[in-house]
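Residue numbers (the working numbering), protein chains in the order written: chain C, 4 to 475; chain E, 188 to 627.
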């Protein structure tokens, strides 16, 4: 399909749905640029304990010390101007428990994105973050009664310090990378979740992240602790309007799965094409626990995200399932990190990417099996689909295996939609666009099925929709 | 065979020896320019992406000296003690980068215009031809400093030129030995296969004694249109030696190149292998086998660079790791903008034979064109329990079964050479290695 004439138009994701913004009067604005004053401002607004302010300030100096990782990552990172970003914006009110109490502009925003409707249908709890703070946060009574805690990060650290402080910054230390340090310095919003032993949360909890303001940085911080034998599915979605200037989103997400616990973390990322999405995500799996990352990246200008699992307890399991779609002007730099730190741990990575027009998708992976362990297994598969002649894809895995009691395998392939397939379908009366859409859906189909029903339907529809009418 | 101790003299960090007066001017200035750039380029650091996972502590820069003339020069005995072909079309023998016996080339081929000479001689007799092909490739995989070092200090090597349409049915052979404590050699290999020609080259590098030594080699291959070339190299230096070897090839339209590399010796090895497919229909096959043991560390970096459409490359590296040994494989397939219809494969398989061996694999792809078929695979695992059980249940004892299975594992790459007499040499060398390991 290397026809340049229709380059980039074969698959065009529906971004217009989320491309709107409201003029909101912000009560708190930390202003442009980043300094110790910014941190004092944020800490002051939030009324934080001194240890948190100190933690933030230490992180700020780590952020300044660390170099941009451009020796391996995209040079595009250098186009982020940290002095022209606002680090904290909020309307200054605590999150509302009812949609009726949410300020109008924010409520309309989330209505247009269909969040309240989804909540009614199939969610156990929702948090909706608008710029720096959550506008709405609610958990169904039945779930709260089981002892599940679902709050934003400020409330978590203030009200439940005994639970959250122990793990806060432990799975992803401040100095992990430049952007985890930045997040540690200016974090605001995000979810803190605790599921007590044995509680299996039936329906997913969801967080929705919305950026409304221009020249803004969103730095949510999420920490999820699922206690022994408990289970949780968490979903997050994100959108922003399209501005001419760059927007930065840099989250830190830490998961802790205690013995026999299961966490499934699902992301559908559909940021507008001016957002730098630089996210650090890692889970810690104790004995026989399972951490699964299901990750779908459709939006943003540059995404750098490599969800990881540290398998700390015997029999722990880690999994990353990832779908990326890179269109013109987009670079989806995603991957996975699997650190085996105990016997008989297993991990699985399946990554599929589609590059359209001049889009570029990259897979980076790390698998590490140290000495003196036994019975560790890793399987990695990366498949890339190139739609146009200028589309680009890269794969950079690194696998370290020590000792002869393990097995790892890595496979990657690059292909395109075959002319025969398209011809076959056209012969049977499908238009070229329909045929293309069907092929692409077929390519990601086995992964889309891993998403919860509602999401997989929506994902399939997104891909289908975009290809209709795009070929003349 | 006792060697009188020759006091070492010129460290490889000292300015290199002056080039001989009779050598062409372009070559003299190439040497001095290279010495300048050697001093300008930084030493590799572990934080360099091209040196990820490399243990640079094992690479010493000090106490290494340009190898001096050795007293060992009994060519017949040296050849007899190493495994090589029964029949060849020509041979050149070096000890410490010095020719020890008159180079031979079958008259039939010299009459047809084939040149097979020590580089020192070719520089004088075929200066223009050498100049056109001498170190024209840039170092792409991290060892630019060593490329410059090699260019500045090289003393000898060979030049093999096959004119248009000439076919050599029998391989030519090149032997290198190194002798003397802390001796460094810089052998250079330059192979030009003219349009429509075909030839096979086998090169062996080995130590005479169990001594510290350093080998910094460069091999450049030019496969012109429609040519067919097979190049094979074995490295069996002492267990105390270090080796940096850079192989670059340019494969032109419809040309076929096959390279095979066997690494057995050295404490520390760095191999960089680049194959550029520069003409439509070019094909390159890159094969390698290594069997590290004890604390040996082999670091292999490869690049399959598809610059034109309809090109294909196929890489197969097999490592069987014993004891505390370590391998690093970093392979990259690059498909340039216009290189549609590329077919590229890359496979690295590690067989871990001990609980303390370590295999690092970094198979990479960078694809900038569509309508391509590219895939890579990397595996690391022990000998399959099922296969072991199968052999044991038929009465083969475990150690023997292990050895058989390992031999079979590496043999897959050897079989792809597609030349019985060369395969025999390689299998012979591997057999010696496995017997030695089995006898422990």
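Just so it is clear, CB atoms sit at the ideal spot from N, CA and C, and this is done for glycine as well.
Since this is a predicted model, take the numbers as computed values, not measurements.
Distance, Cα to Cα, residue 204/C vs residue 240/C? Going from the Cα of residue 204/C to the Cα of residue 240/C covers about 19 Å.
Scan the stretch 190 to 243 of chain C and note each continuous alpha helix (DSSP H) run of 4 residues or more that stays entirely inside, going in chain order. none
Output yes or no for whether 8 Å exceeds the beta carbon distance between residue 340/E and residue 373/E. Result yes, Cβ atoms of residue 340/E and residue 373/E sit closer than 8 Å.
Quick test of the definition: if touching needs 3 or more C-beta pairs under 8 Å, does the stretch 187 to 200 of chain C touch the stretch 134 to 153 of chain C? yes
Whole angstroms is fine: what's the gap from residue 398/E's alpha carbon to residue 69/C's? 44 Å
At a CB-CB cut-off below 7 Å, which residues of chain E make contact with residue 389/C? 554 and 557
Determine the DSSP secondary structure at residue 261/C, reduced to helix, strand or coil. In the structure shown, residue 261/C falls within a coil segment according to DSSP collapsed to helix, strand and coil.
Would you list, in sequence order, the uninterrupted beta strand (DSSP E) runs of no fewer than 3 residues that lie entirely inside the stretch 344 to 405 of chain E? 344 to 349, 359 to 365, 370 to 372, 375 to 380 and 385 to 394
So, is the C-beta of residue 624/E closer than 8 Å to a C-beta in chain C? no
Using a Cβ-Cβ cut-off of less than 8 Å, give me the residues of the stretch 396 to 423 of chain C that come near chain E, in sequence order. Taking 8 Å as the upper bound on Cβ-Cβ separation, chain E lies near residues 396, 397, 398, 399, 400, 401, 402, 403, 404, 405, 406, 407, 408, 409, 410, 411, 412, 413, 414, 415, 416, 417, 418 and 419 of the stretch 396 to 423 of chain C.
Just confirm the distance between the C-beta atoms of residue 344/E and residue 292/E, as a whole number of angstroms; I'd bet it's less than 8 Å. Contact flag wrong, Cβ pair sits at about 16 Å.
Along chain E, which residues have their Cβ under 9 Å away from the Cβ of residue 334/C? Residues of chain E passing the Cβ test: none, with the nearest at roughly 13 Å.
Check each candidate in 385/C, 377/C and 378/C and name the one with the smallest Cα separation from residue 563/E. Just measuring C-alpha positions, the residue of 385/C, 377/C and 378/C sitting nearest residue 563/E is 385/C.
Interface positions of the stretch 577 to 609 of chain E facing chain C (Cβ-Cβ less than 7 Å), listed along the chain: none
Buried versus exposed, by CB contacts within 10 Å (16 or more), residue 280/C: By the neighbour-count rule (16 or more Cβ atoms within 10 Å), residue 280/C is buried.
Cβ of residue 392/C less than 8 Å from any chain E Cβ? yes
Simplified DSSP assignment, three categories, for residue 3/C: With chain C covering only 4 through 475, there is no way to say anything about residue 3/C.
CB-CB under 6 Å to residue 477/E, same chain, minus the five flanking residues each way: which ones, in chain order? Cβ within range, chain order: 450, 485 and 506.
Integer-rounded CB distance, given that residue 304/C should sit under 8 Å from residue 276/C: 5 Å
Indicate whether residue 546/E and residue 552/E have their beta-carbon atoms separated by less than 8 Å. no
is_contact[residue 551/E, chain C] using C-beta, thresh 8 Å: yes
Since residue 170/C contacts residue 65/C with CB under 8 Å, what's their CB separation in whole angstroms? Residue 170/C to residue 65/C, Cβ: 19 Å. No contact.
Proximity below 8 Å, CB of residue 306/C to CB of residue 263/C: no
Residue 412/E versus residue 548/E: straight-line alpha-carbon distance, rounded: 34 Å
How about residue 311/C and residue 284/C: are their beta carbons less than 8 Å apart? yes
For the beta strand (DSSP E) containing residue 321/C, list its first residue and its last residue. Boundaries of the beta strand (DSSP E) around residue 321/C: 320 to 329.
Within 10 angstroms of the Cβ of residue 364/E, are there 16 or more other Cβ atoms? Answer buried if so, exposed if not. Residue 364/E should be labelled buried.
Element boundaries [alpha helix (DSSP H), containing residue 214/E]: 212 to 227
Residue range of the unbroken beta strand (DSSP E) whose run includes residue 534/E: 530 to 539
Within chain E, the residues that residue 24/C reaches when beta carbons sit closer than 7 Å: Residues of chain E passing the Cβ test: none, with the nearest at roughly 36 Å.
Beta strand (DSSP E) runs wholly inside the stretch 149 to 183 of chain C, at least 3 long, in chain order: 152 to 155
Give me whichever residues DSSP pairs with residue 564/E in a beta bridge. 414/C and 534/E
Name, please, each residue of chain C whose Cβ falls closer than 7 Å to the Cβ of residue 560/E. 418
Rounded to the nearest angstrom, what separates residue 248/C and residue 63/C at their Cα positions? Their backbone Cα atoms lie some 24 Å apart in a straight line.
What are the start and end residues of the alpha helix (DSSP H) that includes residue 35/C? Taken as a continuous stretch (DSSP letters only), residue 35/C belongs to no alpha helix (DSSP H), as it is neither H nor E.
Consult DSSP for residue 287/E and reduce its assignment to one of helix, strand or coil. Coil at residue 287/E, not helix or strand.
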